[in-house]
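Heads up: the sequence shown begins at 1 in the UniProt record's numbering, then just goes up one per residue.
Ideal Cβ positions, reconstructed from N, Cα and C, are used throughout, including at glycine.
It should be emphasised that the depicted structure is a prediction, and the values quoted were computed from it without experimental measurement.
As structure tokens, the structure follows; a few thoughts come after it.
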Amino acid sequence: MTGGTDATNIILLGPPGAGKGTQASRLVESRGMVQLSTGDILRAAVKAGTEVGKLADEIMKAGKLFPDELMAEILGEHLDGIPLDKGVIFDGYPRTEKQAELLDSLLGTRGRKLGYVIELVVDEDALVDRITGRFTCAQCGEGYHDRYKPTKLTGVCDKCGSTEFKRRPDDNEETVRTRMAEYRAKTAPILPIYAARGLVRHVDGMAEMDVVTAAIAAILDGATAEPAKQA
Ligand code: AMP
Numbered sequence: 001m002t003g004g005t006d007a008t009n010i011i012l013l014g015p016p017g018a019g020k021g022t023q024a025s026r027l028v029e030s031r032g033m034v035q036l037s038t039g040d041i042l043r044a045a046v047k048a049g050t051e052v053g054k055l056a057d058e059i060m061k062a063g064k065l066f067p068d069e070l071m072a073e074i075l076g077e078h079l080d081g082i083p084l085d086k087g088v089i090f091d092g093y094p095r096t097e098k099q100a101e102l103l104d105s106l107l108g109t110r111g112r113k114l115g116y117v118i119e120l121v122v123d124e125d126a127l128v129d130r131i132t133g134r135f136t137c138a139q140c141g142e143g144y145h146d147r148y149k150p151t152k153l154t155g156v157c158d159k160c161g162s163t164e165f166k167r168r169p170d171d172n173e174e175t176v177r178t179r180m181a182e183y184r185a186k187t188a189p190i191l192p193i194y195a196a197r198g199l200v201r202h203v204d205g206m207a208e209m210d211v212v213t214a215a216i217a218a219i220l221d222g223a224t225a226e227p228a229k230q231a
């Protein structure tokens with residue numbers, strides 16, 4: 001077969017802390033899609049202590065971006081492991097115009113097509129608050145927040161009962177501000193490229209998590225079209 005696949009591949013776009021990871025895992029559960037988070041891939045490399053991981057560690061701690069070409073190579077390897085009939089959610093990729101170009105060829109050579117680019121629209125100051133309070137269970141990965149989603153029982157994971165938690169080292173205010181500046185300078189400018197292709201849909205990322213999930217589902221089910229913008 002040379003005609004590719006009909007599985008819907010999407011990009012979740014939005015500044016750090018916009019809820020891309022949470023929404024992506026919900027899509028994995030509800031639709032059997034596969035989440036490809038470049039941040040998670042790099043964090044796994046850091047943990048494994050590989051050469052890529054050593055480089056990634058320095059860059060991530062500074063809130064800077066990992067080199068485009070190397071990122072694409074790593075992403076391609078992960079894409080190769082995903083069956084063609086599974087839709088992919090790109091979470092944290094692409095982040096630069098160059099990466100957007102590279103993604104076109106990563107997808108094209110594998111017979112995949114981009115269905116939607118969903119932008120989670122958020123308020124940056126509120127996001128800093130959201131990010132600097134977040135933590136996850138070290139055992140099962142369940143996400144929490146100091147103020148907005150604390151564990152029901154102090155120090156005990158609601159889901160698996162573990163008492164071990166972790167925080168990302170780059171979730172401090174200074175790094176978060178740098179990551180947001182990177183988003184504004186390098187990632188936001190790729191939206192017009194996809195808008196010109198009619199792929200962009202906007203979702204209010206400050207809404208309740210379930211409302212955001214429902215809005216994304218409506219887009220994937222083709223129930224909402226983006227209103228045409230005035231020229
Ligand atoms: P995230 O988990 O998506 O917030 O990513 C955490 C960090 O990983 C970023 O601040 C970057 O340093 C690095 N990173 C993740 N995805 C990319 C990417 N697509 N290109 C370059 N660097 C990335």
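Alpha-carbon spacing of residue i relative to residue j, whole angstroms
i, j, result
"Lys-98", "Leu-153", "46 Å"
"Lys-186", "Gly-108", "23 Å"
"Pro-169", "Lys-61", "7 Å"
"Ala-214", "His-78", "28 Å"
"Arg-167", "Pro-94", "24 Å"
"Arg-130", "Leu-106", "33 Å"
"Gly-133", "Asn-172", "9 Å"
"Arg-110", "Arg-147", "43 Å"
"Arg-177", "Glu-124", "9 Å"
"Glu-142", "Leu-103", "30 Å"
"Leu-114", "Gly-39", "20 Å"
Those residues which DSSP pairs with residue i across a bridge
i, result
"Ile-193", "Answer is none; Ile-193 lacks a bridge partner."
"Gln-35", "Ile-89"
"Val-200", "Val-117"
Residue i beta carbon near the ligand GTP (any heavy atom closer than 6 Å)
i, result
"Ile-118", "Absence of the ligand GTP is noted for the structure shown, with the ligand AMP being the only ligands found."
Residue i - containing alpha helix (DSSP H), residue span
i, result
"Asp-57", "51 to 61"
"Arg-177", "173 to 182"
"Asp-104", "97 to 108"
"Asp-221", "It is not in any alpha helix (DSSP H) - Asp-221 carries neither H nor E in the DSSP assignment."
Close beta carbons around residue i, own chain, < 8 Å, minus the five adjacent residues each side
i, result
"Arg-179", "Pro-15, Pro-16, Gly-63 and Asp-170"
"Val-52", "Leu-42, Ala-45, Leu-70 and Ile-74"
"Glu-182", "Gly-63, Lys-64, Leu-65 and Arg-95"
Residue i (DSSP reduced to helix, strand or coil)
i, result
"Asp-91", "strand"
"Ile-82", "coil"
"Val-122", "coil"
"Lys-149", "strand"
"Leu-12", "strand"
"Leu-114", "strand"
"residue 283", "Nothing in the structure corresponds to residue 283, since the chain is present only between 1 and 231."
"Arg-168", "coil"
"residue 232", "Outside the displayed span of the chain (1 to 231) sits residue 232, for which this structure offers no information."
Own chain, CB closer than 6 Å to residue i, minus 5 neighbours either side, in chain order
i, result
"Arg-201", "Tyr-116, Ile-118, Ile-219 and Glu-226"
"Leu-27", "Met-33 and Ile-89"
"Ile-59", "Phe-66"
"Ala-217", "none"
Residues of its chain near residue i, where Cβ-Cβ distance is below 7 Å and the 5 sequence neighbours each way are ignored
i, result
"Gln-35", "Ala-24, Ser-25, Val-28, Ile-89 and Asp-91"
"Tyr-20", "A small correction: the amino acid at residue 20 is Lys; Tyr does not occupy that position in the sequence shown. Taken in chain order, the residues that qualify are Leu-12, Gly-14, Asp-91, Gly-92 and Leu-120."
"Thr-151", "Tyr-144, Cys-157 and Asp-158"
Where the beta strand (DSSP E) through residue i begins and ends
i, result
"Thr-136", "134 to 137"
"Val-156", "Counting along the chain, Val-156 falls outside any beta strand (DSSP E), and DSSP gives it neither H nor E."
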